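*Asks:* This is the structure I want to talk about, given as structure tokens.
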Amino acid sequence: MDSLTIFGVAAVAVMLIAYIQEERAAGWILVFAAGCLASGIYGLLAGVWPFMVAEMLWSVVAYRRWRRRRIRDRSAAIEAGSLEPAHKGQLD
């Protein structure tokens, strides 16, 4: 196995592990996005541009999911009283 193939296998393995774990914490969604980005780089280096385009799109989708999840989790924490809003206590 050459180094490019090992890189591709590692990228897909990271994606798989992160996908399985993403219900546990929002950070796993970000790891999934990074794995998709790495898979896209693999596709570029391997000369398989349709795979590269698909993986780059998946990385954008995953990043957006991570941002929405972080916002939702932060809102839930504020409502539960375990986190204060960013604007609370600041002078206008």
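Just remember that the numbering used here sits 1018 ahead of the position in the sequence shown, which is counted from 1. Here a beta-carbon is modelled for each residue, glycine too, at the ideal position from N, C-alpha and C. Since the structure is predicted, the reported quantities are computational estimates derived from the model, not experimental observations.
#1: Do you know whose CA, among S1100, G1026, S1021, W1067, lies nearest A1052's CA?
#2: Report the CB separation of L1022 from A1064 in whole angstroms; it is logged as a contact under 8 Å.
#3: Quick one, are the C-beta atoms of A1072 and F1050 less than 8 Å apart?
#4: Could you give the DSSP three-state label for S1077: helix, strand or coil?
#5: Taking just the CA atoms, how far does F1069 sit from V1030?
*Replies:* According to the structure data:
#1: Counting from 1 along the sequence shown, the entry for residue 1052 is found at position 34. Per the Cα distances, G1026.
#2: Locating residue 1022 in the sequence shown gives position 4, counting from the first residue. Locating residue 1064 in the sequence shown gives position 46, counting from the first residue. L1022 to A1064, Cβ: 6 Å. Contact.
#3: Here the question's residue 1072 lines up with position 54 in the sequence shown. Here the question's residue 1050 lines up with position 32 in the sequence shown. No, these two residues do not count as a Cβ contact at 8 Å.
#4: Stepping through the sequence shown from its first residue, residue 1077 is reached at position 59. S1077: helix per DSSP, three-state reduction.
#5: Along the sequence shown, read from residue 1 onward, the residue named residue 1030 stands at position 12. Along the sequence shown, read from residue 1 onward, the residue named residue 1069 stands at position 51. In a straight line, the C-alpha of V1030 is about 12 Å away from that of F1069.
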